[in-house]
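Here the protein sequences come in this chain order: C and W.
The opening residue of the first sequence carries number 1 in the numbering used here; numbering runs sequentially from there.
The opening residue of the second sequence carries number 1001 in the numbering used here; numbering runs sequentially from there.
Just so it is clear, CB atoms sit at the ideal spot from N, CA and C, and this is done for glycine as well.
Number of protein chains: 2
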Amino acid sequence: MREAEFREFHTPASGIFFRAKRRLLSERTPFQKMEIYDTASHGRVLLLDGLVQTTERDEFFYHEMLVHPAMMAHPRPRSVLIIGGGDGGTLREALRYPVRSAVLVEIDARVIAACRKYFPGLALSFKDKRAETVVADGNRYIRETDCRFDVILVDSSDPIGPSAVLHQRAFYSALKRCLRPGGVIGAQAGAPLFHLEHLRRKRVFLKDLFSYSHYYLGPVPTYPGGLWCYAFLSDQVSPLRPLRKRVPGKLKYYNTDIHRAAFALPEFLKDRRR
Amino acid sequence: MREAEFREFHTPASGIFFRAKRRLLSERTPFQKMEIYDTASHGRVLLLDGLVQTTERDEFFYHEMLVHPAMMAHPRPRSVLIIGGGDGGTLREALRYPVRSAVLVEIDARVIAACRKYFPGLALSFKDKRAETVVADGNRYIRETDCRFDVILVDSSDPIGPSAVLHQRAFYSALKRCLRPGGVIGAQAGAPLFHLEHLRRKRVFLKDLFSYSHYYLGPVPTYPGGLWCYAFLSDQVSPLRPLRKRVPGKLKYYNTDIHRAAFALPEFLKDRRR
């Protein structure tokens, strides 16, 4: 295929564009439209329903900030559950720790298959013997499983669209049931600049459900607005407690200074109820 | 004019696009090409030589983070010098403090004139009786002036291009001469994701020139990579000293938690000399 341009609208009248060297895949799975492009600027880029999910160039921002705040704050994470995350990046970061098992529940087997082929830097993690992949609806899985986890990572897509259910109170209430005592949840929460009202509503029920409920922020250059929001949720573990002494390996974005700094919220995102 | 699309390349093969409702101005000044568009997504947008300088929607990220770290750390800023900043946004933020005078040195009078007309939310600051506007080359001004300032804010364009001289050692050395005892410099330093090697080289001479020399970061959604770097420079004032008790008015991004957090640097931007 010759050079092609693709774009993602972040508002009805603005967004980002990429010139692709070629399109590697275009497929309609049972759940969504999946495309993978090879670009000079960002390496390989995965789109689901036209939205950039992952680029080889900047995936580390997102995956490090989704995973390490929860994992570094938990004193001894042994069992990890990942909801979504079919590209394998979240799994890769979680497996940096001496966990016994990491269960990844992804609804779309085609995403996993495609990422194993085209994103080896992320999806190599699926080969780790501690990893277990379950192809299932994450929302249903957490209601039915008897397993309990030290850390749960919610690597869903956006609060507006097919993943909407993964951003609602009932889902977080069921997630809480799956935590072991002292457990921690790290969850992607959306774009503070585009989903601000959603984030405000969500904060109300998260604070109701968890003793420690904190939003935190980090950059993701190719996500809308370039700034991304995550949630740290726990009944026993504060995100600002003493952290593990060492980060697990050589990271590109996260360190313990960044960890603490990420919980400082800008004025426009402060909780006005206080 | 009918609806038009304009774009800025952030790499040779990717960038951002805007659909403009209309183009309000297109002019070749003695120094640069200046365009102003009206957009549904970002309000009015100023471009110089094709690069987005300011949008009404997100200018507060940049202007608050350029100005307030220096102004809040200085115990008693009375006199302020701004190099560049012809849109008036930096001046507006500086004038929130009880300063006696703020001198703005902008090389391009046409930028000031256009922003007074099209960006009243920023350029209203030019009407403040404490503001003095000097149309001159900032690099030359600081070599010739006998004035000394408590705070100097460098609101230049990028390190690559016509403003390159404003990012070099000789310029900072001359700036230092213009500081009053206990003075502080706040300077825009570029895109950490795109000017990383430049930032590393610059750090070496900044550390050599100033006792306190710190990079800090903040988001600017419409700038390349969405993440922006600034420098805090002083011989006597640490950026993490006790700050002023109150921020001057109702801000949208900056607060004192954000101030401290902004100085936490990601792994990829850490100083490897230590």
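{"Asked": "Please classify C/S211: is it buried, with 16 or more other beta-carbons within 10 angstroms of its beta-carbon, or exposed?", "Found": "exposed"}
{"Asked": "Going by DSSP in three states, C/Y37 sits in which element: helix, strand or coil?", "Found": "strand"}
{"Asked": "What span of residues does the beta strand (DSSP E) with C/P219 cover, start to end?", "Found": "Y212 to P219"}
{"Asked": "Say whether chain C places a C-beta atom closer than 9 Å to the C-beta of W/V1154.", "Found": "no"}
{"Asked": "What are the residues that DSSP puts in a beta bridge with W/C1229?", "Found": "W/G1190 and W/L1217"}
{"Asked": "Looking only at its own chain, which residues have a Cβ that is under 6 Å from the Cβ of C/P221, when we skip the five neighbours before and after it?", "Found": "D58"}
{"Asked": "So is W/N1255 in contact with chain C if we call contact Cβ pairs under 9 Å?", "Found": "yes"}
{"Asked": "Going by C-alpha to C-alpha distance, which of C/L122, C/I107 and C/I160 sits closest to C/R140?", "Found": "C/I107"}
{"Asked": "Does the distance from the CB of W/G1190 to the CB of W/D1150 come in under 9 Å?", "Found": "no"}
{"Asked": "Within 9 Å of any Cβ in chain C, is that where the Cβ of W/K1245 sits?", "Found": "no"}
{"Asked": "In three-state terms, what does DSSP make of W/P1069?", "Found": "helix"}
{"Asked": "Should C/D158 be flagged as near chain W, meaning a C-beta pair shorter than 9 Å?", "Found": "no"}
{"Asked": "What residue range does the beta strand (DSSP E) around W/R1078 cover?", "Found": "Careful: W/R1078 lies outside any beta strand (DSSP E) and carries neither H nor E."}
{"Asked": "At a Cβ threshold of 9 Å, is C/P239 touching chain W?", "Found": "no"}
{"Asked": "Can the beta-carbon of C/A94 be found closer than 9 Å to that of C/A102?", "Found": "yes"}
{"Asked": "Against chain W, does C/P266 count as a neighbour if the rule is that its beta carbon must be under 9 Å from one of theirs?", "Found": "yes"}
{"Asked": "Quick one: does W/G1226 have its CB under 9 Å from some CB of chain C?", "Found": "yes"}
{"Asked": "For a contact defined as C-beta to C-beta under 9 Å, what are the partners of W/R1007 on chain C?", "Found": "F17"}
{"Asked": "Helix or strand or just coil, what does DSSP make of W/E1005?", "Found": "strand"}
{"Asked": "Take C/T29 and list the residues in its own chain whose beta-carbon comes closer than 6 Å to its own, dropping the five residues that flank it on each side.", "Found": "D108 and R110"}
{"Asked": "Does DSSP classify C/T256 as helix, strand or coil?", "Found": "helix"}
{"Asked": "When you compare each of C/L81, C/L122, C/V52 and C/M71 to C/P242 by their alpha carbons, which one comes out closest?", "Found": "C/M71"}
{"Asked": "Could you confirm whether any beta carbon from chain C is found closer than 9 Å to the beta carbon of W/V1220?", "Found": "yes"}
{"Asked": "Starting from the C-beta of C/Q236, find all residues in its chain whose C-beta is less than 6 Å away, skip the five residues before and the five after it, and write them out in chain order.", "Found": "G182"}
{"Asked": "Cβ of W/D1137 less than 9 Å from any chain C Cβ?", "Found": "no"}
{"Asked": "Can you tell me the Cα-Cα spacing of W/I1142 and W/C1178, whole angstroms?", "Found": "7 Å"}
{"Asked": "Check whether the Cβ atoms of W/D1155 and W/T1090 sit closer than 9 Å, and answer yes or no.", "Found": "yes"}
{"Asked": "With the cut-off set at 9 Å, would you say W/P1012 and C/A40 are in Cβ contact?", "Found": "yes"}
{"Asked": "Report whether the distance from the Cβ of C/A70 to the nearest heavy atom of the ligand PLP is below 8 Å.", "Found": "With respect to the ligand PLP, the structure offers nothing, as it holds no ligand at all."}
{"Asked": "Using CA coordinates, which residue listed in W/P1120, W/C1229, W/Y1230 and W/H1068 is at the minimum distance from W/D1252?", "Found": "The amino acid at residue 1252 of chain W is misidentified as Asp; the sequence shows Lys. Looking at the Cα atoms, W/H1068 is the closest of the given residues."}
{"Asked": "What residues are listed by DSSP as bridge partners for C/S26?", "Found": "C/E35"}
{"Asked": "Which of the three DSSP states, helix, strand or coil, is assigned to C/H10?", "Found": "strand"}
{"Asked": "Looking at chain C, is there any beta carbon in it that lies within less than 9 Å of the beta carbon of W/R1260?", "Found": "yes"}
{"Asked": "Would you kindly work out how many angstroms separate the C-alpha atoms of W/F1328 and W/V1165, rounded to a whole number?", "Found": "Outside the shown range of chain W (1001 to 1274) lies residue 1328 of chain W, about which nothing can therefore be said."}
{"Asked": "I believe W/F1017 touches C/G15 by the beta-carbon criterion, under 8 Å. Please report the beta-carbon distance rounded to the nearest angstrom.", "Found": "6 Å"}
{"Asked": "Can you give me the start and stop residues for the beta strand (DSSP E) that W/A1102 sits inside?", "Found": "S1101 to E1106"}
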